[in-house]
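What follows is a short report on a single structure.
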Amino acid sequence: MITLYDYELSGNCYKLRLLMSILGIDYKTVPVDFYPGREHKSDWFLRLNPLGQLPVIDDDGFVLRDAQAILVYLASKYDASGTWYPRDNPELLGQISQWLAFADGITSTSSAARLHDGMFYDFDIETVRAGAHRLFRILDEHLWFGEQEGRDWLCSADHPTIADIACFPYIMLSEEGGISRQDYPAIRRWCDRVKRIKGFVVMSGVFPAGPAKAA
Amino acid sequence: MPETIPCSDRVLLNDWHVVADRSMLSPHAPIFTRLLGVDLRIDSSDRHGTQLVRADTGETVKTVTKYGFVWACLGTPERDILYIPQADEPDRYLVTGGSIAVKVSGLRAVENFLDMGHFPFVHTGWLGDEPHTEVAPYRVELTEDGEVLATDCKFYQPVASPTATEGFIVDYVYKVIRPYTVALYKSNPIQKERLDVITLFVQPVDEENCVAHPFLCYLREGIDEASIRSFMQLIFAQDKPILENQMPKRLPLDPRAETPIRADAVSVYYRRWLRDRAVTYGAIPARP
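If you read the protein sequences in the order shown, they are chains S and L.
Under UniProt numbering, the first residue of the first sequence is numbered 1, with each subsequent residue one higher.
Under UniProt numbering, the first residue of the second sequence is numbered 1, with each subsequent residue one higher.
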């Protein structure tokens, strides 16, 4: 059984809960008091992850840290369809890795802004917001051109991959950091598509998709 | 900018407000916050304890520590920090729930805390679920101490607390204790005759910004502190985007401003109670 060391309000923990729900993986959670307890910096947690960061999983003794790495692991091991991380498709794997790195950029900008505004973290708010807008603009154009070519997802495939799961949470939570998505219509449409993936679950601050509109 | 207008409500200036969770204090770096539009600097050290200073005048601000929080009074305190009897019961955890900043008037945050009608829609699967959307009639009255008390509140909740394993009809009592302080008494899922208490101390940062400081007195049986905090934050973070999208950001006190329904009886009472106490900070006053 997989144990997820979890913090409810973490978008990086949420992306693992989301993928595990979509893939139908059973897991249990150990709540880590990230805020205000800073339990992720406690001795017991640092022994699990010396970086002092969530999430971490323990899969029958196999311990892995880093949200993006865990997505790769979970999809490689538990996705019977082989579509979320297609191991036999080099181009797609390259694209997925590119967007997983992009997701880390979203974390260091959009998530940082949210921590600043909601939980008093000491970030230069204007800098992180500007950084998020720069990434959102790039992503919006990528998705818009994709739509013109009939591509619904981040990577060149007719199905979502872990790249979509990795980028979704801190985009969806951006308004809590004062980052509006008003100017990114292709991002908003893509968010709705992610919300309609079978097995989609929410976290606090993320609401389910409304009724589907006729195409 | 509305937040630059100074507060002139005596009832607020001469009262105590939470300005920080004590666990966030560090001798290495001050904390900067704002109360009723006044920028504050909080220093703490083993030698000098906790000190608060106004950024505008450099004056020292009265401060005490209680219930795990740092409190401040900008004026002359006219009453003590409220007393929570359950905090003296030895079989309870006393937990600060995690202070969260919200871009809305603190009065809106109090009102939202009082509202059962949104449970099935905002806290779906936790504090409510369709089709159990009806808010049954409940009682609202003024206590001898001048607090707003709502009783006989009942609501079906699928997961009413961190230890709930099945849905049940939860009994609630709400109490508005001060303009920016509200408490919820809720039946414990194990000892159903006893009540868990959540007090929400709302810090009026300025008229359109607040910090919610929850304080939880939960029976210890069958639960740990991390789960209590986790559940509180799960629920509150569902409210946060709803609160931050409320327009106007200040609470209208005019009875004609927003249309209530029967389920809003406590909210209607709360708005009238604020009017009667001449609370204007964070509100849009009623038209004469």
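The beta-carbon is built from N, C-alpha and C at its ideal position, and this holds for glycine as well.
Query raised in the report: Among L:Met116, L:Val197, L:Gln51, which has the Cα closest to the Cα of L:Asp88?
Result: Minimum Cα distance to L:Asp88 is reached at L:Val197.
Requested in this report: Mark S:His40 as exposed unless 16 or more other C-beta atoms lie within 10 angstroms of its C-beta, in which case mark it buried.
Outcome: Taking a 10 Å sphere around the C-beta of S:His40, we find 16 or more other C-beta atoms and assign the residue as buried.
**Report entry** Rounded separation between S:Glu147 and L:Lys62 - CA only
**Finding:** Their Cα atoms are separated by approximately 60 Å.
Query - Any chain S beta carbon closer than 8 Å to L:Lys240 - result: Using a Cβ-Cβ cut-off of 8 Å, L:Lys240 counts as an interface residue toward chain S, since at least one Cβ of chain S sits closer than that to its own.
Query - Same chain only: Cβ atoms within 6 Å of S:Ala209, ignoring 5 sequence neighbours per side - result: The beta carbon of S:Ala209 lies closer than 6 Å to those of Asp192, Lys195, Arg196 in the same chain, with the five residues before and after it left out.
Query - L:Ser161 classed as buried or exposed, judged by whether at least 16 other C-beta atoms fall within 10 angstroms - result: Residue environment: L:Ser161 is assigned as buried (16 or more neighbouring CB atoms within 10 Å of its CB, all protein chains considered).
**Report entry** Secondary structure of S:Ala69, DSSP reduced to three states
**Finding:** Residue state for S:Ala69 is assigned as helix, using DSSP reduced to three classes.
Query - Backbone secondary structure at L:Ile169 - three-state DSSP - result: Secondary structure of L:Ile169 (DSSP, three-state): strand.
**Report entry** Under 7 Å by beta carbon: chain L residues contacting S:Gly177
**Finding:** None at all; the shortest Cβ gap to chain L is about 11 Å.
**Report entry** Between the CA atoms of S:Leu4 and residue 254 of chain S - distance to the nearest angstrom
**Finding:** Given a span of 1 to 215 for chain S in the structure shown, any question on residue 254 of chain S remains unanswerable.
Requested in this report: State the Cα-Cα distance for the pair S:Leu18 and L:Phe215, rounded to the nearest angstrom.
Outcome: Approximately 30 Å, taken between the alpha carbons.
Query raised in the report: How close, in whole Å, do the beta carbons of S:Leu16 and S:Pro55 come, if the pair is a contact with beta carbons under 8 Å?
Result: Right, the Cβ-Cβ distance comes to about 6 Å (below 8 Å), so this counts as a contact.
**Report entry** Any chain S beta carbon closer than 8 Å to L:Gln233
**Finding:** Interface residue, yes.
**Report entry** residue 289 of chain L, enclosing alpha helix (DSSP H) - first and last residue
**Finding:** This structure leaves residue 289 of chain L out entirely; chain L is present only between 1 and 288.
Query raised in the report: Measuring CB to CB, does L:Val11 end up less than 8 Å from L:Ala278?
Result: Going by C-beta atoms, L:Val11 is nearer than 8 Å to L:Ala278.
Query raised in the report: Quick one, are the C-beta atoms of L:Glu147 and L:Ile169 less than 8 Å apart?
Result: Result no, Cβ atoms of L:Glu147 and L:Ile169 do not sit closer than 8 Å.
**Report entry** Interface flag, L:Ser227 vs chain S, CB-CB below 8 Å
**Finding:** So, interface residue.
Query raised in the report: Is there at least one Cβ from chain S nearer than 8 Å to L:Ser187's Cβ?
Result: L:Ser187 does not count as touching chain S.
Report task. Return helix, strand or coil for S:Pro169, following the three-state DSSP convention. Result -> S:Pro169 falls in the helix class under three-state DSSP.
Report task. Can you tell me which of the three DSSP states L:Val202 falls into? Result -> DSSP places L:Val202 in strand when its eight states are reduced to three.
Requested in this report: Just tell me which of L:Tyr218, L:Tyr281, L:Asn245 has its CA closest to the CA of L:Asn112.
Outcome: Considering only alpha carbons, the answer is L:Asn245.
Query raised in the report: In the structure shown, what three-state DSSP assignment does S:Thr109 receive?
Result: Per DSSP, reduced to three states, the secondary structure at S:Thr109 is helical.
Query raised in the report: Going along chain S in order, which residues have a C-beta closer than 7 Å to the C-beta of L:Asp21?
Result: Listed along chain S, the residues sitting closer than 7 Å to L:Asp21 by beta-carbon distance are Pro36.
Query raised in the report: Taking 8 Å as the CB-CB cut-off, is L:Ser267 touching chain S?
Result: Contact of L:Ser267 with chain S is not assigned, every C-beta pair being separated by 8 Å or more.
Query raised in the report: What is the DSSP secondary structure of S:Trp44, counted as helix, strand or coil?
Result: Helix at S:Trp44.
Report task. Report the partner residues of L:Lys192 according to the DSSP bridge assignment. Result -> DSSP output for L:Lys192 lists no bridge partner at all.
Query raised in the report: Does any CB atom of chain S fall closer than 8 Å to the CB of L:Ser230?
Result: Yes, its Cβ sits closer than 8 Å to a Cβ of chain S.
Query raised in the report: Measuring CA to CA, which of L:Val135, L:Arg229, L:Ala20 is closest to S:Tyr35?
Result: Put simply, of L:Val135, L:Arg229, L:Ala20 the residue whose alpha carbon is nearest the alpha carbon of S:Tyr35 is L:Arg229.
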